[in-house]
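In full-length UniProt numbering, the protein residues as written are 1 to 85. Have a look at the structure below before the remarks.
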């Protein structure tokens, strides 16, 4: 994220690597949560998982839950490399 990189470059005095890792982790989870909300139906998540080669059976997942944004299925459907781009 360019804003975070600029923030770190501006405040170089502090060693905040651990804090930035936590912030990036939270941002990735938030982005997954937003994407699940936009997909609205589990069928879109299942379609994405099938494209990536994941075989059914799929566990039931609610599309609007913060908790499910950290689930292994959401992490598999929306990996960190996908969120980075």
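Glycine included, each C-beta is placed from N, C-alpha and C at the ideal position.
So, using beta-carbon positions, are residue 49 and residue 77 closer together than 8 Å?
Their beta carbons are under 8 Å apart, which means residue 49 touches residue 77 by this criterion.
Nearest candidate by alpha-carbon position, reference residue 62, set 42, 47, 73 and 51
It is 42 whose Cα lies nearest to the Cα of residue 62.
Do you know offhand how far residue 72's Cα is from residue 10's?
Each residue's alpha carbon lies about 36 Å from the other.
Report all residues from its chain with a CB closer than 8 Å to the CB of residue 32; omit the five preceding and five following residues, and keep chain order.
Excluding positions up to five away in sequence, the list reads 69, 70, 74, 75, 78 and 83.
Cβ of residue 4 within 8 Å of Cβ of residue 19?
In this structure, residue 19 does not lie closer than 8 Å to residue 4 by Cβ.
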